[in-house]
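Using the UniProt record's numbering, read the sequence shown as starting at 1 and increasing by one per residue. For every residue, glycine included, the Cβ atom is placed at its ideal position computed from N, Cα and C. I have placed the structure first, in the form of structure tokens, so that the comments after it can refer back to it.
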Amino acid sequence: MEPNEDSFLRFCRFIRYFQCAKVPCDLLIRACEPKLTWTSNGEIVQKLPLEAGVPEWLMVLYNTNKPFLHHPTHGSHIAGVEIILQNGVPYFDVATANQPELELNQLPSIDNEGSMAGELLAVFLQAFPSINIEIIGEEIVDRLMDIAMRSILPLLSCLTDADIKDWLLPIDQEELESCLFSLFEFLYQAIAMLGVEHPLLPLSLPERLLNIVPDGTGNDTIVVLRRIADILKQFKETGQDVLEYKPLSSGTKTDERSHSILGYFLSLPNMHSAGALTTWQPLVPKSPSQMEYLAAVSFCEQSRLAVLERPAFLTLDVRVLEGLLRSRRKQYDQASKVLDTTMVEVISQYGSCSMQLGIVTAELANCYNVLRREALAELTLTKSLELLLDSDLSNRRDVIYLRFALADSLIGQAKYQDAVPILQGIIDDPDVSATFRMMSALRLTRSKRRMHEDARKAFQQKSPLWIGFSLLDNVPDVLVMEYVEELGCSISELPKRKLEDSKNTQELIEAVNSALSTSSSVTNNPCWEWYTKCQEEYSGQITEATKENKGKGVDEVLGNELPPQSVDDMSVDEGPCLNSIMLGSLRMSVDHAIDSFIKFGNTVLGRPRLFHSTSPYFPSRTKYPAADVRKAFQNIITDSIEGVPGVADVPGWGLSGHKAIFHEKSGGIRTIVFSCRLEDGIPYAWKSYHHQEYTRIWEVACATVATPGYFDAIEIDGAAFVDGAVFMNNPSFRALEEVLAIHTKIPAVFVNIGTGTQYSDGATFRRWRDRLQQSNILFDRTVKHFQTGSETKRWIEFARHQGLKNAYTLSAGKDLQAIPHYDWQPADTGKKTLHEITRITEEYLRCDEVRATISIIAHEAVQIRRARAITEKWRSFIQPPAVNPPSALSSVGYDGTVKWK
Numbered sequence: 001m002e003p004n005e006d007s008f009l010r011f012c013r014f015i016r017y018f019q020c021a022k023v024p025c026d027l028l029i030r031a032c033e034p035k036l037t038w039t040s041n042g043e044i045v046q047k048l049p050l051e052a053g054v055p056e057w058l059m060v061l062y063n064t065n066k067p068f069l070h071h072p073t074h075g076s077h078i079a080g081v082e083i084i085l086q087n088g089v090p091y092f093d094v095a096t097a098n099q100p101e102l103e104l105n106q107l108p109s110i111d112n113e114g115s116m117a118g119e120l121l122a123v124f125l126q127a128f129p130s131i132n133i134e135i136i137g138e139e140i141v142d143r144l145m146d147i148a149m150r151s152i153l154p155l156l157s158c159l160t161d162a163d164i165k166d167w168l169l170p171i172d173q174e175e176l177e178s179c180l181f182s183l184f185e186f187l188y189q190a191i192a193m194l195g196v197e198h199p200l201l202p203l204s205l206p207e208r209l210l211n212i213v214p215d216g217t218g219n220d221t222i223v224v225l226r227r228i229a230d231i232l233k234q235f236k237e238t239g240q241d242v243l244e245y246k247p248l249s250s251g252t253k254t255d256e257r258s259h260s261i262l263g264y265f266l267s268l269p270n271m272h273s274a275g276a277l278t279t280w281q282p283l284v285p286k287s288p289s290q291m292e293y294l295a296a297v298s299f300c301e302q303s304r305l306a307v308l309e310r311p312a313f314l315t316l317d318v319r320v321l322e323g324l325l326r327s328r329r330k331q332y333d334q335a336s337k338v339l340d341t342t343m344v345e346v347i348s349q350y351g352s353c354s355m356q357l358g359i360v361t362a363e364l365a366n367c368y369n370v371l372r373r374e375a376l377a378e379l380t381l382t383k384s385l386e387l388l389l390d391s392d393l394s395n396r397r398d399v400i401y402l403r404f405a406l407a408d409s410l411i412g413q414a415k416y417q418d419a420v421p422i423l424q425g426i427i428d429d430p431d432v433s434a435t436f437r438m439m440s441a442l443r444l445t446r447s448k449r450r451m452h453e454d455a456r457k458a459f460q461q462k463s464p465l466w467i468g469f470s471l472l473d474n475v476p477d478v479l480v481m482e483y484v485e486e487l488g489c490s491i492s493e494l495p496k497r498k499l500e501d502s503k504n505t506q507e508l509i510e511a512v513n514s515a516l517s518t519s520s521s522v523t524n525n526p527c528w529e530w531y532t533k534c535q536e537e538y539s540g541q542i543t544e545a546t547k548e549n550k551g552k553g554v555d556e557v558l559g560n561e562l563p564p565q566s567v568d569d570m571s572v573d574e575g576p577c578l579n580s581i582m583l584g585s586l587r588m589s590v591d592h593a594i595d596s597f598i599k600f601g602n603t604v605l606g607r608p609r610l611f612h613s614t615s616p617y618f619p620s621r622t623k624y625p626a627a628d629v630r631k632a633f634q635n636i637i638t639d640s641i642e643g644v645p646g647v648a649d650v651p652g653w654g655l656s657g658h659k660a661i662f663h664e665k666s667g668g669i670r671t672i673v674f675s676c677r678l679e680d681g682i683p684y685a686w687k688s689y690h691h692q693e694y695t696r697i698w699e700v701a702c703a704t705v706a707t708p709g710y711f712d713a714i715e716i717d718g719a720a721f722v723d724g725a726v727f728m729n730n731p732s733f734r735a736l737e738e739v740l741a742i743h744t745k746i747p748a749v750f751v752n753i754g755t756g757t758q759y760s761d762g763a764t765f766r767r768w769r770d771r772l773q774q775s776n777i778l779f780d781r782t783v784k785h786f787q788t789g790s791e792t793k794r795w796i797e798f799a800r801h802q803g804l805k806n807a808y809t810l811s812a813g814k815d816l817q818a819i820p821h822y823d824w825q826p827a828d829t830g831k832k833t834l835h836e837i838t839r840i841t842e843e844y845l846r847c848d849e850v851r852a853t854i855s856i857i858a859h860e861a862v863q864i865r866r867a868r869a870i871t872e873k874w875r876s877f878i879q880p881p882a883v884n885p886p887s888a889l890s891s892v893g894y895d896g897t898v899k900w901k
């Protein structure tokens with residue numbers, strides 16, 4: 001049967017009923033093809049178009065034009081409607097269709113509006129994917145949601161009881177249940193995407209449908225659906241976040257499909273019923289259906305999943321969806337294994353240029369990135385992108401996912417220069433969605449900051465921050481807040497003394513304030529409070545700060561207050577003291593500190609003397625010349641403080657690396673480092689606070705890094721000092737003592753990074769390579785689990801005695817300790833050594849337990865920072881209080897011989 005002229009006119013009128021300027025060709029293609037859906041027992045079956053109510057005339061039109069629809073070209077026509085391609089997706093361009101309205105209105109066979117509405121709904125529901133049954137299901141839902149909002153949801157909202165009886169619900173019992181399930185399934189996915197409070201959602205429709213449906217179906221499917229209807233009704237009437245839920249009676253005989261859909265509704269945000277979701281499980285946990293299994297993976301707790309049997313047979317799409325869902329729930333290791341095993345089958349079934357493969361590859365790469373396997377992610381992505389970009393599919397959504405994941409893998413490897421063009425390409429493409437352009441703009445801004453680019457460039461016209469501002473109206477609230485926080489970070493990085501370049505910054509601040517200051521959802525967020533303080537300081541106090549800095553000394557310039565931070569106190573011994581000084585006293589970023597340490601390695605560690613004390617023939621010479629060490633430290637200090645506000649106004653600043661004092665007047669991180677006085681072997685603590693003398697930073701660095709045999713001891717005020725590791729290799733005990741002495745209370749969070757061993761054999765100096773690592777007893781806390789590998793008994797007892805709960809140790813362990821002390825291979829770059837350190841560290845960081853600990857630490861740190869950002873007493877808080885004498889702690893075994901400076 002060939003389509004006639006009436007069919008073409010009918011199609012033009014039909015497609016216009018969807019009220020959209022462009023309609024995805026997927027609507028017609030999927031409606032006229034068998035649909036994968038769930039049976040009542042939770043398995044997969046195909047639903048034929050005619051069975052779903054798709055009109056026969058539309059099937060004829062589709063079959064006639066199938067080759068053109070499956071391989072469309074831009075500008076081709078079907079039934080008089082032009083096809084356009086946008087980001088690799090074909091659409092019917094309804095807005096430009098020019099069929100005469102007179103001819104459309106003269107069609108005699110489709111005057112019945114009820115019949116037309118029934119056909120619209122049948123076509124849409126057949127095209128709309130079932131829950132968790134296709135790899136590209138969520139992509140199709142997103143593609144069809146515009147049609148749903150413009151026509152389907154309004155249509156369902158205005159249905160009368162007569163409409164429901166006359167043409168919506170079938171009479172046949174099996175078809176009735178299938179129709180109800182399709183409607184509930186569509187409603188669930190609409191709520192999941194739009195939010196349960198969206199005004200277009202017909203939350204009262206389920207109750208109205210079920211009031212018309214008779215009971216007595218042979219099972220209690222309708223009873224389960226009624227329970228869902230009650231939940232939606234209660235939310236519509238009360239708007240409660242936590243709803244009262246009455247569990248089904250023990251005798252209720254339901255099926256796997258309705259049981260799964262109930263679980264999905266209970267898992268929706270703002271729809272949680274107290275305790276209801278925690279008790280949900282498959283009807284037969286030892287033999288769940290495919291639908292129940294994916295439902296459990298979607299929302300069940302890990303403890304329930306652990307005892308759940310995996311079905312013996314899962315379709316390819318279901319196996320992929322398991323991986324995607326596990327990734328969404330942050331089960332990245334399991335997700336990566338599941339997705340990796342499906343790659344070959346996905347290519348075989350869907351093709352190497354398919355969206356299915358793009359989605360799987362992008363998610364697998366995201367898992368690798370999170371697991372710190374960025375190099376593997378880069379390799380996986382590069383192969384797929386080469387093929388897809390050659391196929392002119394660069395703007396298809398899955399390809400955007402791939403490009404985005406590739407940028408993340410490069411950033412994770414600190415290959416910022418390689419990531420920049422990828423992110424810039426996404427930002428500059430107007431066809432890419434606003435969400436992805438904003439995410440790229442934020443990543444690009446951070447990357448450039450980590451590249452130590454001039455902070456003022458972030459505010460130049462057409463910069464990522466300005467482009468991000470133009471997208472604020474079209475992105476989710478979470479990205480708006482991320483933009484605000486990133487803007488605050490960029491403002492805090494600006495050199496406040498340079499007013500001549502502030503025009504662009506002021507304009508962006510004013511534009512953002514004008515656009516967002518009236519939005520309560522934004523201004524009530526702690527990020528906005530912190531941003532407000534940053535921009536007010538920059539806009540209102542910059543001139544005054546510049547005037548005050550003129551003529552100031554070195555230590556006064558270094559005392560300028562920083563934005564709210566998460567770390568107050570930092571303590572290290574021996575080699576890591578340089579890290580402490582860079583991060584604490586010099587206020588470097590982590591990336592800047594790493595770069596500085598590499599420079600130190602190249603200029604000092606890579607240039608040892610030819611004959612030194614590690615050789616048995618020349619015991620009197622240290623491995624590294626003192627002059628090289630001193631010069632390297634001074635260069636690091638000079639490079640760091642050249643960018644501090646007010647530097648240009650300090651006379652003679654050219655020798656700043658030589659003159660800068662180890663002293664924090666206010667703000668910053670209180671830093672304490674340890675060394676040992678050579679003449680009497682007494683430990684010595686150098687503190688950047690309450691420091692009455694004028695020891696220079698480079699002197700303190702040399703005093704604490706002077707490992708015998710490697711670096712010369714340094715003389716300060718008539719006394720010679722060597723590294724503090726000879727007296728203690730783990731400063732946790734001393735650091736906690738000092739925190740208590742300063743604040744008279746335990747810290748909110750205590751983090752020990754990279755531990756060592758405490759000796760008690762009386763040896764004054766032992767070569768580092770002979771020191772053995774020992775393990776001490778772990779102890780548990782009710783709030784947090786304290787992990788440690790080499791804490792001393794005194795530290796453990798002291799921490800327990802003081803009630804320290806939020807304490808953590810992060811240590812890569814024996815493999816890292818096996819690297820020779822101050823090893824630097826090859827000498828000119830240290831790349832081999834750095835690669836080995838990175839490999840061991842990343843392997844350690846891939847452990848789930850370690851990642852969980854880091855997440856807890858990060859959460860605590862962010863909470864502290866945000867809380868301080870909105871505290872009016874921040875300035876007074878960072879002023880160090882009077883120190884109580886450490887001798888007050890003698891009740892827990894304090895060693896009174898330690899001299900505190």
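TODO: Answer yes if the stretch 406-420 comes into contact with the stretch 367-381, meaning at least three C-beta pairs across the two stretches below 8 Å, and no otherwise.
DONE: A contact between stretches requires three or more CB pairs, one per stretch, nearer than 8 Å, and the stretch 367-381 meets this requirement with the stretch 406-420.
- [ ] With distances taken Cα to Cα, identify the nearest neighbour of Ser-688 among Thr-671, Arg-677, Glu-699, Cys-676.
- [x] Of the candidates Thr-671, Arg-677, Glu-699, Cys-676, the residue whose Cα lies closest to the Cα of Ser-688 is Thr-671.
Open item on the list: Pop quiz: Tyr-368 and Thr-382 are said to be a contact at Cβ under 8 Å. What is the actual Cβ separation, rounded to whole angstroms?
Closed with: Not a contact, Cβ separation roughly 13 Å.
TODO: Would you mind reading off the limits of the alpha helix (DSSP H) that contains Val-344?
DONE: Segment 332-350, the alpha helix (DSSP H) holding Val-344.
Open item on the list: With three or more beta-carbon pairs closer than 8 Å as the criterion, would you say the stretch 276-286 touches the stretch 313-326?
Closed with: With the rule of 3 Cβ pairs closer than 8 Å, the stretch 276-286 does not count as touching the stretch 313-326.
Open item on the list: Taking only three categories from DSSP, how would you classify Val-370?
Closed with: Val-370: helix per DSSP, three-state reduction.
- [ ] Can you grab the Cα-Cα spacing for the pair Val-650 / Ile-864, in whole Å?
- [x] The pLDDT assigned to Val-650 is 44, lower than 50, so where the model puts this residue is not dependable; a value taken from the coordinates is nonetheless given after this. If you draw a straight line from the Cα of Val-650 to the Cα of Ile-864, it is about 34 Å long.
Task: Where the alpha helix (DSSP H) containing Gln-417 begins and where it ends - done: Where Gln-417 is concerned, the enclosing alpha helix (DSSP H) starts and stops at 416-428.
Task: Per DSSP, cross-strand counterpart(s) of Cys-179 - done: Assignment of beta-bridge partners to Cys-179 by DSSP yields no partner.
- [ ] Under 7 Å Cβ to Cβ from Ala-335, same chain only, skipping five residues before and after it: list those, please.
- [x] Setting aside the 5 residues that flank it on each side, Ala-335 is surrounded in the same chain by Gly-323, Arg-326, Ser-327, Cys-367, each with a C-beta closer than 7 Å to its C-beta; the list follows chain order.
Task: At least 3 beta-carbon pairs within less than 8 Å: the stretch 205-213 vs the stretch 59-68 - done: Below 8 Å, too few C-beta pairs join the stretch 205-213 and the stretch 59-68 to call them touching: fewer than three.
- [ ] Look at the Cβ atom of Ser-440, then the Cβ atom of Leu-423, and state whether they are nearer than 8 Å.
- [x] Yes; because the gap between Cβ atoms is below 8 Å, this pair is in contact.
- [ ] Have a look at Gln-126 and Leu-308 and give me their C-alpha separation to the nearest angstrom.
- [x] Each residue's Cα considered, the two are about 32 Å apart.
- [ ] Pick helix, strand or coil for Ala-362, following the three-state DSSP scheme.
- [x] Ala-362: helix per DSSP, three-state reduction.
- [ ] State the start and end residues of the unbroken alpha helix (DSSP H) segment that holds Ser-409.
- [x] First-last of the alpha helix (DSSP H) with Ser-409: 397-412.
Open item on the list: I'd like to know whether the C-beta atoms of Cys-527 and Met-481 end up nearer to each other than 8 Å.
Closed with: The answer is yes: Cβ separation under 8 Å.
TODO: Look at Val-604 and Phe-662 and say whether their C-beta atoms are less than 8 Å apart.
DONE: Their beta carbons are not under 8 Å apart, which means Val-604 does not touch Phe-662 by this criterion.
- [ ] Count the other CB atoms, across all protein chains shown, that sit within 10 Å of the CB of Gly-830; report buried if there are 16 or more and exposed otherwise.
- [x] Counting Cβ neighbours within 10 Å, Gly-830 comes out buried, since at least 16 surround it.
- [ ] Quick one: grab the DSSP three-state call for Ala-719.
- [x] Residue state, collapsed to three classes: strand.
Open item on the list: Quick check: the Cα distance between residue 902 and Ala-858, rounded to an integer number of angstroms?
Closed with: This structure cannot speak to residue 902, because the chain is shown only from 1 to 901.
Open item on the list: Using a Cβ-Cβ cutoff of less than 6 Å, which residues in the same chain neighbour Pro-747 once the five nearest sequence positions on both sides are dropped?
Closed with: So the qualifying residues of the chain are Val-739.
TODO: For Tyr-694, count neighbouring Cβ atoms within 10 angstroms of its own Cβ and tell me buried if that reaches 16, exposed if not.
DONE: Looking at its Cβ environment, which holds fewer than 16 other Cβ atoms inside 10 Å, Tyr-694 is exposed.
Task: First and last residue of the uninterrupted alpha helix (DSSP H) at Thr-833 - done: Thr-833: member of the alpha helix (DSSP H) spanning 831-845, first to last residue.
Open item on the list: According to DSSP, residue 912 sits in a beta bridge with which residue or residues?
Closed with: Given that the chain is displayed from residue 1 to residue 901, the structure contains no residue 912 and the question cannot be resolved.
Task: Nearest residue (CA-CA) to Glu-797, options Ile-840, Gln-825, Ser-732, Leu-810 - done: Just measuring C-alpha positions, the residue of Ile-840, Gln-825, Ser-732, Leu-810 sitting nearest Glu-797 is Ser-732.
Task: Option in Ala-405, Asp-680, Gly-118, Ala-296 with minimal Cα separation from Asn-132 - done: If we check each option's Cα against that of Asn-132, Ala-296 comes out closest.
Task: Distance between beta carbons of Phe-184 and Ile-152, contact taken as under 8 Å - done: About 14 Å; that fails the 8 Å criterion.
Open item on the list: Within the continuous alpha helix (DSSP H) that includes Ala-685, where are the two ends?
Closed with: Per DSSP, Ala-685 lies in no alpha helix (DSSP H); the unbroken beta strand (DSSP E) holding it starts and ends at 682-687.
Open item on the list: Could you tell me which whole alpha helix (DSSP H) segments of length 4 or greater appear in the stretch 438-507?
Closed with: Complete alpha helix (DSSP H) runs here, min 4: 464-470, 477-492.
- [ ] Measure from the alpha carbon of Ser-7 to the alpha carbon of each residue in Val-81, Glu-51, His-835, then state which is nearest.
- [x] Nearest of Val-81, Glu-51, His-835 to Ser-7, Cα basis: Val-81.
Open item on the list: Rounding to the nearest angstrom, what Cα-Cα distance links Pro-826 and His-452 in this structure?
Closed with: Between Pro-826 and His-452, the C-alpha separation is close to 26 Å.
Task: Whole-angstrom C-beta distance between Arg-257 and Ser-40, which should lie under 8 Å - done: Correct: roughly 5 Å between the Cβ atoms.
Task: Buried versus exposed, by CB contacts within 10 Å (16 or more), Gln-356 - done: That one is buried.
Task: Status (buried if at least 16 other CB within 10 Å, exposed otherwise) for Ile-819 - done: For Ile-819, the number of other beta carbons within 10 angstroms of its own is below 16, and it is reported as exposed.
TODO: Return the chain-ordered list of same chain residues with a C-beta closer than 6 Å to the C-beta of Ser-470, the five sequence neighbours on each side being excluded.
DONE: Result list for Ser-470: empty, nothing under 6 Å.
TODO: Rounded to whole angstroms, what's the CA-CA distance from Arg-621 to Tyr-808? Just pull it up for me.
DONE: One Cα belongs to Arg-621, the other to Tyr-808, and the distance between them is close to 39 Å.
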